[in-house]
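Residue numbers 6 to 237, in my numbering, belong to the letters of the sequence shown in order.
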Amino acid sequence: MKKKIVVIVLMLLSIIIPVKAFAAEKYSTLNLEQTLEEEGIKAKFENYKETDDQIIIYLFRGKGCAYCRKFLEFLNGITDEYGKYFKLVSFETWYNEENSNLLGEISTFMNEPASGVPYIIIGDKVFGGYTESYDESIKSAIKTLYDADDKYDVFEEYEYSKKWDKILNPSNFTIIIWTICLVVASTVVIVLTNRCNTKKIVAAIENNKKATVTHEEVKETKVNNNNKTKKK
6 MKKKIVVIVL MLLSIIIPVK AFAAEKYSTL NLEQTLEEEG IKAKFENYKE TDDQIIIYLF
66 RGKGCAYCRK FLEFLNGITD EYGKYFKLVS FETWYNEENS NLLGEISTFM NEPASGVPYI
126 IIGDKVFGGY TESYDESIKS AIKTLYDADD KYDVFEEYEY SKKWDKILNP SNFTIIIWTI
186 CLVVASTVVI VLTNRCNTKK IVAAIENNKK ATVTHEEVKE TKVNNNNKTK KK
């Protein structure tokens with residue numbers, strides 16, 4: 006009984022528990038090559054390409070922002086050595102209200118309020134603004150995230166937390182609890198019904214056995230009486 010209940014509850018939870026999703030795809034984004042082109046920066050790479058193995062650098066930027074441009078020039082300059090480790094997803098926030106709102110949400114989620122752009126995220130590391138003094142730390146963050154077994158992705162975690170917030174919303178949570186209770190109660194009723202039916206069947210079999218035994222005993226008694234009568 007317990008195993009059946011656990012299996013059903015787990016099946017239910019597998020449906021309602023959120024699956025991680027790449028939320029950045031919902032927004033207007035550019036990759037490294039597109040971002041460089043939009044800022045009028047000539048790409049210094051020829052063999053650079055994006056792959057599924059690369060970690061993602063998230064950049065919130067403003068079109069024409071001088072410090073954003075400097076950061077992009079830095080990335081452009083390290084692609085020969087580090088290009089195999091990273092790819093860029095950039096969000097333009099000065100002319101895109103949706104991206105701008107997203108920056109506020111993501112920076113709050115990271116507990117690193119954004120005072121402006123560039124706002125750079127590599128794994129769980131945040132770089133607010135950009136200066137050349139960040140260069141070694143950025144390269145270290147890229148390599149560390151690339152080598153990690155569990156690669157933290159802020160957008161996956163952010164989307165995951167949003168779905169949990171919806172599930173744990175009082176009204177939604179109540180529905181889920183009642184659904185689980187209904188499933189468990191239904192399972193209990195089914196199991197108890199099956200047990201009752203099983204007991205009835207066993208009882209019927211036992212009664213049949215007793216009736217058979219009694220019949221045989223009566224038959225045997227009659228035979229014995231007849232034998233006694235013949236001897237006399």
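All C-beta atoms, glycine included, are put in the ideal place defined by N, C-alpha and C.
Residues that DSSP places opposite residue i in a beta bridge
i, result
"residue 66", "97"
"residue 35", "95"
"residue 61", "92"
"residue 133", "124"
Start-to-end residues for the beta strand (DSSP E) that takes in residue i
i, result
"residue 50", "Note, residue 50: premise wrong, no beta strand (DSSP E); not H, not E."
"residue 82", "Here residue 82 belongs to no beta strand (DSSP E); instead the alpha helix (DSSP H) covers 71-82."
Nearest neighbour of residue i, chosen from the options [CA to CA]
i, options, result
"residue 151", "58, 81 and 52", "58"
"residue 74", "52, 47, 100 and 87", "47"
"residue 49", "56, 55, 38 and 43", "38"
"residue 5", "138, 195 and 146", "No information on residue 5 is available, as it lies outside the stretch 6 to 237 that the chain covers here."
"residue 40", "70, 140, 77 and 99", "77"
Residue span of the alpha helix (DSSP H) that contains residue i, given as start and end
i, result
"residue 144", "140-152"
"residue 110", "102-114"
Pair within 8 Å by beta-carbon distance, residue i and residue j
i, j, result
"residue 93", "residue 36", "yes"
"residue 122", "residue 63", "no"
"residue 34", "residue 53", "no"
"residue 43", "residue 68", "yes"
"residue 163", "residue 104", "no"
"residue 135", "residue 72", "yes"
"residue 148", "residue 90", "yes"
"residue 107", "residue 124", "no"
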